[in-house]
Amino acid sequence: MSAGLVILVVFLIASAGFYLGRSRIIRAAGGDIRKLHSRPNYYGLTVALFGAVPALLLTIFWLILQPVYIENQVSKQIEPGDIPEGGSLSLVMSDVRRIADGLDVAVADGVMTEDKIATLDTDLTDLRARLGEVGVAVASDIKPNVFGAATVYRELASGLRMAMAVVVIGVSLAGAAFAMLRIHPGYRARNVSERAIKALLILSSSVAILTTIGIISSLLFETLHFFKLYQARDFFFSMTWNPQFRGGSDLGILPLLWGTLYVSFVALVFAVPIGLLAAVYLSEYASKPVRAFAKPAIEILAGIPTIVYGLFALITVGPLLRDYFAQPLGLGNSSSSVLTAGVVMGIMLIPFVSSLSDDVINAVPQTMRDGSYGLGATKSETIKQVILPAALPGIVGAVLLAASRAIGETMIVVMGAGAAAKLSLNPFEAMTTITVKIVSQLTGDTEFASPETLVAFALGLSLFVVTLGLNVLALYIVRKYREQYE
Amino acid sequence: MYDTLTPENAVEQKEIKIDAENVQVFYGDTHAIKDVSVKIEDKTVTAFIGPSGCGKSTFLRCLNRMNDTIDICRVEGKILLDGEDIYDKQVDPVQLRAKVGMVFQKPNPFPKSIYDNIAYGPRIHGLARNKADLDEIVEKSLRRGAIWDEVKDRLDQPGTGLSGGQQQRLCIARAVATEPEVLLMDEPCSALDPIATAQVEELIDELRQDYSVVIVTHSMQQAARVSQKTAFFHLGNLVEFGETSQIFTNPVDPRTESYITGRIG
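Those protein sequences? They're chains G and U, same order as listed.
According to UniProt numbering, the first sequence is numbered sequentially starting from 1.
According to UniProt numbering, the second sequence is numbered sequentially starting from 1.
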């Protein structure tokens, strides 16, 4: 019985428990549910919870511990002579697992039968070919001991699977029965089930938090590892980025940080005025039908995958800027440039700025506008002197969110900005960003433990710190703004 | 262009400041104001009373074309300010509103300093030639708003930080700063406590020296206290309009009497 099936059975028991518990308590109350402490559904839910939760927890632990136990038992079968030269026990064990799984597949496909496997001991040459037939590749010839280990593995696994099914279903039934006996009209079923629901809610919210902590700690761990191999001072203050595969690389973050900030700056210079003016038009001037069409139309921009923006940068914007600006002005002849990536990224950010700003402008109370009009102010005076100042904190928040988006953007800069790490002011020159270098450092063939690879984590953490700072600042400003009118 | 000279001694026979004739207001298909004609005198406080939804605020907003900002609203009839039709195509509502100021139900100070709140109107209308002028206007307006003593030491602090009553007096001072000829007040005391209400009422009485004040109120005592003329609205109709003392003591229309004595409304 597979784990999925066991879980399904547990759920069936739980739902049966729900209905049985509910009807039992209604009967116990003589049909008058006002005599009950809680509504009947809560009694049902209590029974279901007792049936499901301990059994599911047990399943989880079992599934975690079972492979560890099997591994332990099976590895005793392997003798030192079975481990090929230069290999390790873990490689042999993975062979064992693959053979065992292959046998399972073969049996399931009808290529082999259990009887045939039992008599196979003597003739192992054929087995490799047979397993190949069902799509399981085994690297070397199968040694008798390894095959024996695989057989033990299969036996243990199927035995334990069966045991798990029995134990888990037993626990589930016992839990449900226990709850069935415990419930009576005075039982505080609502409190019990609401506590369980609360635990579920806490669990869900902690998943996100724990994930964040996990991501940060994995970054942090690898970064510390990196700083053991490479001087932190050189990383933060060196002006050159020049990774070498043979070692002795210069891994200074400054050129990359400069590229990142330069591209983001260009993007914001492009996106903020356009987005803001669009927001003012949408919220203050546009008629209802125009707004109903234009707002979603602008937001479509936000739905375009960044790789498509990257293509746009590579094929259209880059050559355009090169042919009509960079070459005539004598500023360079590269179609990948800071300006290319910045402009395209700016286009991507327009909906961010305009949509968020539009929301905050709309949140400025109508009484504010009335007050200004009531004093004889024109529309533009009202917008410039009352509405925009009132919305300013929210707009700043929107811009900062757009900025952190720009700093973390990868695809557009990969295709638009080029790959040269340079400290230059010329916007028509190719530069590169932190994100691009993270990708290129991790996708190479270099050894994982080398500083050339580990630098990606240090870069990632630096980037994370920058965007986190911006996000915190943005949230702080937005929250401060909200307090004003409530 | 037209005569704005008002004789200082005209106590008995005051000039008509606003003359509304056969005004109809529609919100989409709803006929909100039905054939209202009213003559509002200069240097007088006129109160609009009536049950909720009777159209008194709507009518008030017609007097400085604030209803223009509502798309579905349509106004018919004639409203003359000093003999000029304010709904004439030649008239810019922006200029009109500089002459007909408005104070709203909820205090709505701008998110600026107290000083800038008051200086907002004078600045956009160019009433001050220099900083000293502006300072003077701000101080004068705040004094007229009976709030100068409370805020004179913190003019650079945000107007939103004041208490509700102070905010409303700030808004009145702000409206006064643009030197309007008529001041419209839409339930200016509904968000205020009795003490702040008393201060605002006192202020309204003072403003009568220079302005024509129109006030919408739900409080009949307030109407009786501050106004000289009262108009009673009911279901979009102007039921009765006359001297406040006469409306409250000897109403002509039975509906007015019912409302004042508390039987409808």
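Cβ coordinates follow ideal geometry from the N, Cα and C atoms, glycine included.
These figures come from a predicted structure and were not determined experimentally.
Less than 8 Å between CB atoms is the rule here; does residue i satisfy it with respect to chain G?
{"i": "U:V94", "result": "yes"}
{"i": "U:K112", "result": "yes"}
{"i": "U:A124", "result": "For the sequence presented, residue 124 of chain U should be read as Ile rather than Ala. So, interface residue."}
{"i": "U:R225", "result": "no"}
{"i": "U:T261", "result": "no"}
{"i": "U:M1", "result": "Confidence at U:M1 is low in this model, with a pLDDT of 47, below 50, so its placement is unreliable and no value can be given for it."}
{"i": "U:K140", "result": "no"}
{"i": "U:C171", "result": "yes"}
{"i": "U:T256", "result": "no"}
{"i": "U:I247", "result": "no"}
Consult DSSP for residue i and reduce its assignment to one of helix, strand or coil.
{"i": "G:V290", "result": "helix"}
{"i": "U:P109", "result": "coil"}
{"i": "U:P158", "result": "strand"}
{"i": "G:K143", "result": "coil"}
{"i": "G:L220", "result": "helix"}
{"i": "G:S450", "result": "coil"}
{"i": "U:V36", "result": "strand"}
{"i": "G:A106", "result": "helix"}
{"i": "G:T59", "result": "helix"}
{"i": "U:D85", "result": "strand"}
{"i": "U:K152", "result": "coil"}
{"i": "U:I16", "result": "strand"}
{"i": "U:F26", "result": "strand"}
{"i": "G:V171", "result": "helix"}
Would residue i pass as an interface residue toward chain U - the criterion being a Cβ-Cβ separation below 8 Å?
{"i": "G:D358", "result": "no"}
{"i": "G:T378", "result": "yes"}
{"i": "G:A390", "result": "yes"}
{"i": "G:D323", "result": "no"}
{"i": "G:E486", "result": "In this predicted model, G:E486 has a pLDDT of only 42, less than 50, meaning its place in the structure is not dependable enough to derive any value."}
{"i": "G:M368", "result": "yes"}
{"i": "G:G394", "result": "no"}
{"i": "G:V338", "result": "no"}
{"i": "G:Y373", "result": "yes"}
{"i": "G:V290", "result": "no"}
{"i": "G:I383", "result": "no"}
{"i": "G:V478", "result": "no"}
{"i": "G:V386", "result": "yes"}
Ordered along the chain, which non-local residues of its own chain (more than five positions away) have a Cβ less than 6 Å from that of residue i?
{"i": "U:E243", "result": "none"}
{"i": "G:A100", "result": "A150, Y153 and R154"}
{"i": "U:N9", "result": "Note on U:N9: pLDDT 47, under 50, position unreliable in the model; the coordinate value appears next. Hits under 6 Å: none found."}
{"i": "G:A196", "result": "L49"}
What residue range is occupied by the uninterrupted alpha helix (DSSP H) comprising residue i?
{"i": "residue 273 of chain U", "result": "Because chain U here runs from 1 to 265, residue 273 of chain U falls outside it and cannot be looked at."}
{"i": "G:G17", "result": "A3 to A28"}
{"i": "G:K379", "result": "K379 to T382"}
{"i": "U:P254", "result": "P254 to I260"}
{"i": "G:Q441", "result": "I434 to L442"}
{"i": "G:N362", "result": "V338 to A363"}
{"i": "G:M411", "result": "M411 to G416"}
{"i": "G:G408", "result": "L388 to G408"}
{"i": "G:G310", "result": "T306 to F312"}
Measuring from the CB of residue i, is there a heavy atom of the ligand NAP at a distance below 7 Å?
{"i": "U:R129", "result": "Among the ligands in the structure shown, none appear at all, so the ligand NAP cannot be discussed."}
Can you name, in chain order, every residue of its own chain whose Cβ lies under 8 Å from the Cβ of residue i, other than the five neighbours on each side?
{"i": "U:A191", "result": "Q105, K106, P107, G164 and Q168"}
{"i": "U:K229", "result": "I40, E41, T44, V45, T46, A47, F241, G242, E243 and T244"}
{"i": "G:I33", "result": "I26, R39 and P40"}
{"i": "U:R225", "result": "E201"}
{"i": "U:D205", "result": "V45 and V226"}
{"i": "U:V11", "result": "Residue confidence for U:V11 is low, a pLDDT of 47 falling below 50, so the modelled location carries little weight and cannot support an answer."}
{"i": "G:L58", "result": "V167, V168 and V171"}
{"i": "U:Q209", "result": "K43"}
{"i": "G:Y19", "result": "G44"}
Which residues in the same chain as residue i place their Cβ atom closer than 7 Å to its Cβ, once the five residues preceding and following it in sequence are excluded?
{"i": "U:D156", "result": "S113 and Y115"}
{"i": "G:L36", "result": "I25, A29 and P185"}
{"i": "U:I33", "result": "V23, Q24, V25, G55, T58, F59 and G236"}
{"i": "G:Q77", "result": "N145, G148, A149 and V152"}
Over what stretch of residues does the beta strand (DSSP E) that includes residue i continue unbroken?
{"i": "U:A231", "result": "K229 to H234"}
{"i": "residue 314 of chain U", "result": "No answer is possible for residue 314 of chain U: the residues shown for chain U start at 1 and end at 265."}
{"i": "U:R74", "result": "C73 to L81"}
{"i": "residue 305 of chain U", "result": "A query on residue 305 of chain U cannot be resolved here, the shown segment of chain U reaching from 1 to 265 and no further."}
{"i": "U:N237", "result": "N237 to E243"}
Give, in chain order, every unbroken run of the beta strand (DSSP E) that is at least 3 residues long and sits entirely within the stretch 182-226 of chain U. 182-186 and 212-216
Just to confirm the assignment: which complete alpha helix (DSSP H) runs, minimum length 4, are found wholly within the stretch 231-287 of chain G? 232-237 and 254-280
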